[in-house]
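Have a look at the structure below before the remarks.
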Amino acid sequence: MKACKEAVLLYPTEDVGGFDENVGDIRMRRFGFDLAKDMKNSGRVLLEKLFDNHHYQSK
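Residues in the sequence shown are numbered consecutively from 104, following our numbering.
Following this line, the structure appears as structure tokens:
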């Protein structure tokens, strides 16, 4: 079993404050996924945040 290096707290609204901290050896981040808006756009925004705009290319 591999050790976890990252954890994400995901909320069904974009009205959550940002959080990006290390807890021991684990990077903890908090994001919102706005279910009240366009799902495709909300998903794209979430992926951009999750992958720090470096690894995800929108199609």
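Quick reminder that beta carbons are idealized off the backbone N, C-alpha and C, glycines included. Everything numeric in this text was worked out from a predicted model, so none of it was measured.
Residue i vs residue j beta-carbon contact at 7 Å
| i | j | result |
| --- | --- | --- |
| Tyr114 | Gly135 | yes |
| Arg133 | Leu112 | yes |
| Glu117 | Asp137 | yes |
Paired residues, beta bridge with residue i - DSSP
| i | result |
| --- | --- |
| Phe136 | Its beta-bridge partners do not exist; DSSP assigns none. |
| Asn125 | Arg130 |
| Glu109 | Arg130 |
Contacts around residue i, its chain only, beta-carbon distance under 6 Å, and the 5 residues preceding and following it disregarded
| i | result |
| --- | --- |
| Met131 | Ala110 and Glu124 |
Cα-Cα separation between residue i and residue j, rounded to whole angstroms
| i | j | result |
| --- | --- | --- |
| Gly127 | Ala139 | 35 Å |
| Val119 | Lys152 | 13 Å |
| Ala106 | Asn144 | 32 Å |
Sequence-distant residues of the same chain with beta carbon closer than 8 Å to residue i, five excluded per side
| i | result |
| --- | --- |
| Lys108 | Asp128, Ile129 and Arg130 |
| Phe122 | Leu112, Met131, Arg132 and Arg133 |
Residue i CB to nearest heavy atom of the ligand COA below 6 Å
| i | result |
| --- | --- |
| Val111 | Absent from the structure shown: the ligand COA. Ligands present: none. |
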